[in-house]
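Colleague: Residue numbers (this note's numbering), protein chains in the order written: chain G, 1 to 23; chain S, 24 to 271.
For every residue, glycine included, the Cβ atom is placed at its ideal position computed from N, Cα and C.
For clarity, every value in this text was computed on a predicted model and none was experimentally measured.
Sharing a structure, written as structure tokens. Questions coming.
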Amino acid sequence: PCQGPVGRPAILQALLSPSLRAR
Amino acid sequence: PEPFSGGPSVPELILQLLQLEPEEDQVRARIVGCLQEPAKGRPDQPAPFSLLCRMADQTFISIVDWARRCMVFKELEVADQMTLLQNCWSELLVFDHIYRQVQYGKEGSILLVTGQEVELSVVASQAGSLLHSLVLRAQELVLQLHALQLDRQEFVCLKFLILLSLDVKFLNNHSLVKDAQEKANAALLDYTLCHYPHCGDKFQQLLLCLVEVRALSVQAKEYLYHKHLGNEMPRNNLLIEMLQAKQT
């Protein structure tokens with residue numbers, strides 16, 4: 001599964017970022 | 024108590040959290056809608072298990088959506104939001120399941136977020152021993168919270184406490200979160216003392232239940248990891264992605 005930087009789950013980044021859409 | 028009211032007032036924090044809480048039928052409708060879309064699944068996996076995994080993923084998404092709308096949480100920078108959610112995501116999922124059983128469940132069965140009921144006898148015969156023991160352990164907590172008369176006001180406050188339950192040293196914004204932790208604890212204490220004066224130490228008993236929620240969530244993560252090691256989880260499962268991320 002893909003991860004963001006520093007062990008941050010990409011899905012969480014997507015869900016919390018106002019500029020990205022969640023999968 | 025406020026004048027002209029029918030009883031003791033509810034702390035403002037809890038009133039705000041109640042406003043943010045989605046209705047069960049709205050959550051159910053959204054998740055059922057998502058699950059109706061065909062999944063790019065694994066044909067080697069049993070369909071019910073795959074569906075349960077997708078259901079859990081969608082519940083997770085609902086929980087993050089709720090957190091994003093919460094006061095204090097929405098003021099934090101994304102790094103702190105991620106740290107908090109990485110700490111508590113499994114507890115929030117467990118507590119969501121538990122409360123659904125307390126509020127809407129029937130004896131002898133578990134109620135899924137989709138509205139489906141699964142008999143405990145079916146869980147006993149169809150689920151593996153790890154999942155079965157997890158479900159039974161959760162049901163014991165359900166009975167405890169039922170006996171304590173956990174209500175919706177306490178539920179939303181406890182959920183908020185779970186969301187913020189991290190030593191602030193791991194966050195950038197210490198003061199905002201510490202202040203919110205203290206206010207939430209005070210609101211719950213105030214509410215339980217006013218509304219359940221006959222219950223003695225309901226506040227303490229509810230906090231003890233949170234300890235069990237934490238323990239259950241650890242057991243749930245171990246179960247997920249076991250399934251992951253056995254290559255039994257669907258591809259791109261969000262909970263496995265959360266599990267594999269580095270935690271504080």
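Looking at chain G, is there any beta carbon in it that lies within less than 8 Å of the beta carbon of residue 84 of chain S?
Modeller: Yes, contact with chain G.
Colleague: Show which residues of chain G have a CB atom less than 7 Å away from the CB atom of residue 261 of chain S.
Modeller: Result: 11.
Colleague: Would you say residue 203 of chain S faces chain G, with C-beta separation under 8 Å as the test?
Modeller: For residue 203 of chain S, the answer is no, since every Cβ of chain G falls outside 8 Å of its Cβ.
Colleague: Got a sec? Which residues, its chain only, sit under 7 Å from residue 272 of chain S by beta carbon, not counting five neighbours each side?
Modeller: Summary: the structure shown does not reach residue 272 of chain S, with chain S confined to residues 24 through 271, and so no result is reported for it.
Colleague: Decide if residue 197 of chain S is buried, meaning its Cβ has at least 16 other Cβ atoms within 10 Å, or exposed.
Modeller: Residue 197 of chain S is exposed by the Cβ-count criterion.
Colleague: Of the residues S:87, S:235, S:173, S:137, which one's Cα is nearest the Cα of residue 122 of chain S?
Modeller: Of the listed residues, the one whose Cα sits closest to residue 122 of chain S is S:173.
Colleague: Within the 8 Å Cβ cut-off, does residue 24 of chain S reach chain G?
Modeller: A caution first: residue 24 of chain S carries a pLDDT of 47, below 50, which makes its placement in the model too unreliable to give a value.
Colleague: Taking only beta-carbon positions, decide if residue 268 of chain S is within less than 8 Å of chain G.
Modeller: Interface residue, yes.
Colleague: For the putative contact between residue 183 of chain S and residue 76 of chain S, defined by C-beta atoms under 8 Å, what is the C-beta separation to the nearest angstrom?
Modeller: That pair is no contact at about 27 Å.
Colleague: Between residue 243 of chain S and the rest of its own chain, which residues show a CB-CB distance below 7 Å, the 5 nearest in sequence each way excluded?
Modeller: Same-chain partners within the cutoff: 113, 117, 157.
Colleague: Output needed in chain order: residues of the stretch 78-109 of chain S with a Cβ under 8 Å from some Cβ in chain G.
Modeller: From the stretch 78-109 of chain S, only 84, 87, 88, 91, 101, 104, 105, 108, 109 have a Cβ closer than 8 Å to chain G.
Colleague: State yes or no: is the C-beta of residue 90 of chain S within less than 8 Å of the C-beta of residue 96 of chain S?
Modeller: For residue 90 of chain S and residue 96 of chain S, yes; Cβs fall inside 8 Å.
Colleague: Pick from S:233, S:72, S:147: whose alpha carbon is nearest that of residue 164 of chain S?
Modeller: It is S:233.
Colleague: Consider the Cβ of residue 60 of chain S: report whether some Cβ of chain G lies at a distance smaller than 8 Å.
Modeller: No, residue 60 of chain S does not count as interfacial toward chain G.
Colleague: Report buried or exposed for residue 176 of chain S, applying the criterion of at least 16 other Cβ atoms within 10 angstroms of its Cβ.
Modeller: By the neighbour-count rule (16 or more Cβ atoms within 10 Å), residue 176 of chain S is buried.
Colleague: Please indicate yes or no: does the CB of residue 18 of chain G lie closer than 7 Å to some heavy atom of the ligand GDP?
Modeller: Among the components of this structure there are no ligands whatsoever, and the ligand GDP is therefore not found.
Colleague: Could you check the C-alpha separation between residue 87 of chain S and residue 190 of chain S for me, to the nearest Å?
Modeller: Roughly 20 Å separates the two Cα atoms.
Colleague: Closer than 7 Å by C-beta to residue 263 of chain S: which residues in its own chain qualify, once you throw out the five before and the five after it? Chain order, please.
Modeller: The residues are 247, 251, 256.
Colleague: Do residue 229 of chain S and residue 211 of chain S have their beta-carbon atoms positioned less than 8 Å apart in this structure?
Modeller: Contact: yes.
Colleague: DSSP on residue 9 of chain G, reduced to helix/strand/coil?
Modeller: Here residue 9 of chain G sits in strand by DSSP.
Colleague: For residue 162 of chain S, which option in S:129, S:45, S:181 has the closest C-alpha, if you only look at C-alpha atoms?
Modeller: Ranking S:129, S:45, S:181 by Cα distance to residue 162 of chain S puts S:129 first.
Colleague: Given residue 22 of chain G, which residues of its chain have a CB within under 8 Å of its CB, disregarding the five upstream and five downstream residues?
Modeller: Here the model assigns residue 22 of chain G a pLDDT of 45, short of 50, so the residue's position is not dependable, and the following value carries that caveat. Counting only Cβ-Cβ distances below 8 Å, and skipping sequence neighbours, we find 11, 14, 15.
Colleague: With DSSP collapsed to three states, give me the class of residue 141 of chain S.
Modeller: In this structure, residue 141 of chain S counts as strand in the three-state DSSP scheme.
Colleague: Considering just the uninterrupted stretch of the beta strand (DSSP E) at residue 132 of chain S, what are its terminal residues?
Modeller: That run of the beta strand (DSSP E) goes 132-134.
Colleague: Between S:72, S:236, S:259, S:266, which has its C-alpha nearest residue 151 of chain S's C-alpha?
Modeller: The shortest C-alpha separation from residue 151 of chain S is found at S:72.
Colleague: Determine whether the Cβ of residue 16 of chain G lies closer than 8 Å to any Cβ atom of chain S.
Modeller: Chain S contact via Cβ: present.
Colleague: Taking the Cβ atom as the reference point for each residue, do residue 142 of chain S and residue 134 of chain S lie within a distance shorter than 8 Å?
Modeller: Going by C-beta atoms, residue 142 of chain S is not nearer than 8 Å to residue 134 of chain S.
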